[in-house]
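Undergrad: Sending over a structure as structure tokens; questions will come in a sec.
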Amino acid sequence: MRSLNKDKKSIWFAKKLPPVPEKDENGLETGNMISCYDEPAEFHVNVQPITDTADIQEYGADVSKMQKCVFTPFDVEGYSPEEFEAAWYGVTPNGNLRDDDAEHQMNNNYTVKQVIFTGWQYAVYIKKVAGTET
């Protein structure tokens, strides 16, 4: 069943891309890898705190840092969410999609912890990133 538009909230998802090697000032690889993400896509879905007893038992103490997004493939135009994606809920992406710039950091405030697809509906569990205030 589709959600009512009045219950939907904006959320952005960005798929995790393969890491790229970090390079020094001479262009030589340092051996470190940089996490990169695809361009974020905005969706309007039902986002709610976790209140289901089974979910609370599964996530335990982390439940206070998590939200549950519920939507159908129709709601997200066929987008298929994956675990470890970056998510922005309550904030807009700042354009930085790599984690190598300490002065202009990626501002995602959630990551996708688990994706459950029942064949007609997604339940995506997102967890707040440590250090975010929103």
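Be aware that the sequence shown starts at 1, since it is given in full-length UniProt numbering, and climbs by one per residue.
Idealized CB from N, CA, C, for every residue including glycine.
#1: What is the C-beta distance between residue 138 and SER10, in whole angstroms, given that I count them as a contact (C-beta under 8 Å)?
#2: Spatial neighbours of LYS127 within its chain, please: CB distance less than 7 Å, with the 5 preceding and 5 following residues excluded, ordered by chain position.
#3: So the candidates are CYS36, GLN105, ALA130 and GLY27; which of them puts its Cα closest to the Cα of PRO19?
#4: Spell out the partners DSSP gives ASN46 in its beta bridges.
#5: Helix, strand or coil: which one does DSSP assign to SER64?
#6: Would you tell me roughly how many angstroms separate the C-alpha atoms of GLY90 and VAL76, rounded to the nearest one?
#7: What's the gap between the Cα of GLY78 and the Cα of LEU28?
#8: Taking the alpha-carbon positions, what's the ALA54 to GLY60 distance?
#9: Can you grab the Cα-Cα spacing for the pair HIS104 / ILE34, in whole Å?
TA: Answer, in terms of the structure:
#1: Since the first residue shown for the chain is 1 and the last is 134, residue 138 is missing from the structure and cannot be characterised.
#2: ASP62, LYS65, MET66, TYR110, THR111 and LYS113
#3: CYS36
#4: LYS8 and VAL70
#5: helix
#6: 18 Å
#7: 40 Å
#8: 10 Å
#9: 15 Å
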